[in-house]
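Residue numbering for the sequence shown follows our numbering, beginning at 92 and increasing consecutively.
Think of the CB as a built atom: it goes at the ideal place given N, C-alpha and C, for glycine as much as any other residue.
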Amino acid sequence: MLKQIRLFRGKVRRYALSRFRPTYVDAQLQARRGECNHCGKCCEILFRCPFLLTQEDGSSHCSIYENRPGSCSAFPLDDRDLADVDFDCTYTFDPEAEIIPIESPDTPETEDTSTEPATVSERPSSTKSIPLLLLQRILNKTP
């Protein structure tokens, strides 16, 4: 039961990161090395994906590969994802970029020296958004 809970948390974490933290996903993809071995284990976490087709030789193929969701195309994001498939995946990660810290959006990354007023979506908010709170809770960070 504990393994299923861990796998569920991993599935939600991957979805939230691919949906709400694309810069984190991009950085992790840059640190990822290797190629897919078409084992299909990533498509069988918790349940078998209905789009997964298994060939006679044991290899797998995604029937919606060209239009697959972002969390599927980004798998694995880090070593936690590799653990979810019992490290059978042939991808690896650079040791120095193993897990990149996720910054809070209200922490400015660079100083903005422009004199134009910020748009509504760029203005700092006094309250954190619900997706950010959910993401922080999933990643065991305190809000």
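Beta bridge counterpart(s) of residue i as assigned by DSSP
i, result
"Cys153", "Leu143"
Endpoints, alpha helix (DSSP H) assigned at residue i
i, result
"Cys59", "Residue 59 cannot be examined here, being either before or after the span of the chain that is shown, 92 to 234."
"Cys163", "161 to 164"
"Asp175", "170 to 175"
"Ile96", "93 to 111"
Residue i burial status per 10 Å Cβ neighbour count (16 or more: buried)
i, result
"Arg105", "buried"
"Asp117", "exposed"
"Asp179", "exposed"
"Gln119", "buried"
"Arg124", "exposed"
"Leu168", "buried"
Simplified DSSP assignment, three categories, for residue i
i, result
"Thr52", "Coverage of the chain is limited to positions 92 through 234, which leaves residue 52 absent and any answer about it impossible."
"Leu137", "coil"
"Pro186", "helix"
"Asp148", "coil"
Near the ligand SAH: residue i beta-carbon under 8 Å from a heavy atom
i, result
"His152", "This structure lacks the ligand SAH; in fact it carries no ligand of any kind."
Below-9 Å beta-carbon distance, residue i vs any chain E residue
i, result
"Thr183", "Looking for chain E here will not work: only one protein chain is present."
Any contact of the stretch 140 to 156 with the stretch 106 to 115, i.e. 3+ C-beta pairs under 8 Å? no
Do the stretch 127 to 137 and the stretch 92 to 103 touch if we need at least three Cβ pairs shorter than 8 Å? yes
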